[in-house]
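Under the working numbering, the first residue of the sequence shown is numbered 1, with each subsequent residue one higher. Idealized CB from N, CA, C, for every residue including glycine. Shown next, in structure tokens, is the structure this report addresses.
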Amino acid sequence: MDYEEIIDRIIKSTGIDRKVLETKINAKIKELDNLVSRDGAAHIISNELSVSLIDSDASKDYANIENLVSGLRNVIVLGRAVDIYPITKYEKDGKELQVGALSLSDGTGFVRVVFWNDNIEIFKNIKEGDVLKVINAYVKENKFGKLELHVSFRTKIRINPEDVDSKSIPSASEVQRKNERIDLVEIKRDMNVRVLGIIVQVFKSNCFFNVCPECKKSVKMDNGIFMCASHGKVVPEKKMRVSFVLDDGTANIRCTSFGRDAEEVLGIATGEAVKLADKNEDSAFPVEQVKDVIIGAEVIIYGRTQFNTFSNSVEIITNKVIRNIDYERELGTLINEVQYGDKS
Ligand SMILES: [Zn+2]
């Protein structure tokens, strides 16, 4: 696509005045110290204006969020921005850097989409509830073992694309279902809630339970044998569980997380936790090991409240946990990877 074609496409898609557009392109060339060609600058501007120039835009070959795996490149994901987190700013080598992140859902799962400096302008244009077509992003596991979709210079983001029936993607409120943002002081039993708070305590206890490998239901040992009500004698799989106290400034509450949620809270994958526990002959060791890092961590939790007759208080069983990630602490590896590693 040559310069004129690019210009044409941008004008058609945005209705921008040609003179204004060319001024923008010239300004971009200056901004980049004349290191970029006129075509190159036009490409950058088209990206900033979310105008599609490449054919993969037309692709309907979407990856389901639940099927994403670390290391995938050039994936196309269609989903809805269900949570948008504030931009984090910091300095590195005297330069100001910014990171923005949002939670994207297509109904099959959630994935955090991470925007770095060069793409922060696009990020700022995204509102909660927008449908996003993310083209050519790459999938990366963060240090908590959670997958993230990273937006690189090659990625195109289409906001509310016209070729997509937005009704085919669950709305943000459907995704968050009845979960309402709530202050802990107002919490009652049997509510679906969404709380932003700080973990102030983690209970040191056995962080594993056994489940049937077929139906994933919890199984108990009886005379040395694990029995599943549906599948009989089984060799169980281990799943994680962790209980902690969440404080949002108005009150605090005990929360319990299982499986992936527990992995997110503890920042450790089940397999790794099993190894740690075995090595130290202590099924609570993984909790002890990471306790100092977890206490003080900010999390957003989705869950259902229930009344615990034993403790005589309301608690939350989580069904989604998002740890607010301190990207600054991850910078060393991430920045380098984004800026240099992705060009391979
Ligand atoms: Zn079973």
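Using 10 angstroms around the beta-carbon of residue i, count the other beta-carbons present and answer buried if the total reaches 16, otherwise exposed.
i: Pro86; result: exposed
i: Ser375; result: As shown, the chain starts at 1 and ends at 344. That puts residue 375 outside it, with no answer to give.
i: Tyr90; result: exposed
i: Gly100; result: buried
i: Phe310; result: exposed
i: Lys178; result: Any reading at Lys178 is ruled out, since the residue's pLDDT is 48, under 50, leaving its predicted position unreliable.
i: Arg158; result: buried
i: Glu5; result: exposed
i: Val113; result: buried
i: Ile225; result: exposed
i: Val131; result: buried
i: Lys19; result: exposed
i: Ala81; result: buried
i: Glu303; result: In the sequence as displayed, the identity of residue 303 is Gly instead of Glu. The residue is buried, with at least 16 neighbouring Cβ atoms inside 10 Å.
i: Leu21; result: buried
i: Asn431; result: Outside the modelled stretch of the chain, which goes from 1 to 344, sits residue 431, for which no answer is possible.
i: Lys124; result: exposed
i: Lys275; result: exposed
i: Ala273; result: buried
i: Thr23; result: exposed
i: Thr318; result: buried
i: Val195; result: buried
Per DSSP, residue i is paired with what?
i: Asp150; result: The amino acid occupying residue 150 in the given sequence is His; Asp does not appear at that position. BP columns for His150 point to Val114 and Tyr138.
i: Leu49; result: Paired residues: none, contrary to the question.
i: Asn308; result: Ser313
i: Ile157; result: Val134
i: Tyr62; result: For Tyr62, which the question treats as bridged, DSSP gives no partner whatsoever.
i: Asn192; result: Arg304
i: Met382; result: Nothing can be reported for residue 382: it is not among the residues displayed for the chain, which extend from 1 to 344.
i: Met227; result: Lys220 and Lys233
i: Lys89; result: Gln98
i: Glu298; result: Ile198
i: Asp83; result: Ser103
i: Asn252; result: Asp247
i: Val75; result: Ala137
i: Val185; result: Paired residues: none, contrary to the question.
i: Thr404; result: It is not possible to answer for residue 404, since the shown part of the chain is limited to 1 through 344.
i: Ser345; result: Coverage of the chain is limited to positions 1 through 344, which leaves residue 345 absent and any answer about it impossible.
i: Arg323; result: Val299
Output the distance between the C-alpha atoms of residue i and residue j, rounded to the nearest integer angstrom.
i: Asn308; j: Ile76; result: 44 Å
i: Gly271; j: Val265; result: 15 Å
i: Asp106; j: Ile65; result: 7 Å
i: Lys133; j: Asn160; result: 8 Å
i: Ile135; j: Ala27; result: 26 Å
i: Trp116; j: Thr155; result: 11 Å
i: Gly71; j: Glu141; result: 8 Å
i: Pro170; j: Leu35; result: 43 Å
i: Lys233; j: Asn210; result: 13 Å
i: Ala277; j: Lys238; result: 12 Å
i: Ser166; j: Val51; result: 18 Å
i: His43; j: Ile11; result: 13 Å
i: Arg9; j: Glu263; result: 46 Å
i: Lys127; j: Asp248; result: 25 Å
i: Gly109; j: Ala63; result: 11 Å
i: Ile29; j: Ala41; result: 6 Å
i: Ile300; j: Asp93; result: 31 Å
i: Met1; j: Glu288; result: 58 Å
i: Arg323; j: Gly15; result: 41 Å
i: Val290; j: Asp118; result: 34 Å
i: Arg69; j: Thr88; result: Going by the sequence as given, residue 69 is Val instead of Arg. Spanning the two alpha carbons is a distance of roughly 26 Å.
i: Pro286; j: Lys220; result: 22 Å
i: Gly332; j: Ala269; result: The pLDDT assigned to Gly332 is 49, lower than 50, so where the model puts this residue is not dependable; a value taken from the coordinates is nonetheless given after this. Near 22 Å, if we compare the C-alpha coordinates of Ala269 and Gly332.
i: Arg73; j: Ala251; result: 43 Å
i: Ile253; j: Val245; result: 5 Å
i: Phe258; j: Ser218; result: 11 Å
i: Leu32; j: Glu96; result: 16 Å
Give the single residue among the options whose Cα lies nearest to the Cα of residue i.
i: Val293; options: Ser243, Val200, Glu315 and Lys220; result: Val200
i: Met240; options: Arg260, Lys233 and Ile253; result: Arg260
i: Asp183; options: Asn312, Asp2, Gly40 and Thr305; result: Thr305
i: Val314; options: Phe285, Lys320, Val111 and Val193; result: Val193
i: Tyr138; options: Val111, Leu49, Ile322 and Ile45; result: Val111
i: Ile120; options: Met221, Leu147, Leu49 and Arg38; result: Leu49
i: Asp61; options: Val164, Arg181 and Lys30; result: Val164
i: Leu78; options: Asp17, Asp2, Ser168 and Ile253; result: Ser168
i: Ser243; options: Asp83, Gly129, Val321 and Ser37; result: Val321
i: Lys146; options: Ile253, Pro236, Gly267 and Arg254; result: Gly267
i: Ile84; options: Ile122, Asn74, Ser218 and Glu96; result: Ile122
i: Gly197; options: Asp222, Ala297, Asn74 and Asn312; result: Ala297
i: Thr256; options: Ile316, Asp17 and Ser13; result: Ile316
Residue i CB to nearest chain B CB: under 9 Å?
i: Val185; result: Protein chains in the displayed structure number just one, and chain B is not present.
Taking contact to mean 3 or more Cβ pairs, one atom from each stretch, closer than 8 Å, check whether the region 137-155 and the region 185-204 are in contact. In this structure the region 137-155 does not lie against the region 185-204, because fewer than three pairs of beta carbons, one per stretch, are closer than 8 Å.
May I ask you to verify whether the region 223-231 touches the region 281-290, counting CB pairs closer than 8 Å and requiring at least 3? no
Could you tell me whether the region 196-205 touches the region 214-227, using the rule of 3 or more Cβ pairs below 8 Å? The region 196-205, when compared against the region 214-227, does not touch it at the 8 Å Cβ threshold.
Within 6 Å of ligand 3: residues by beta-carbon to any heavy atom: Inclusion of ligand 3 in the displayed structure is not the case, the ligand content consisting of ligand 1 alone.
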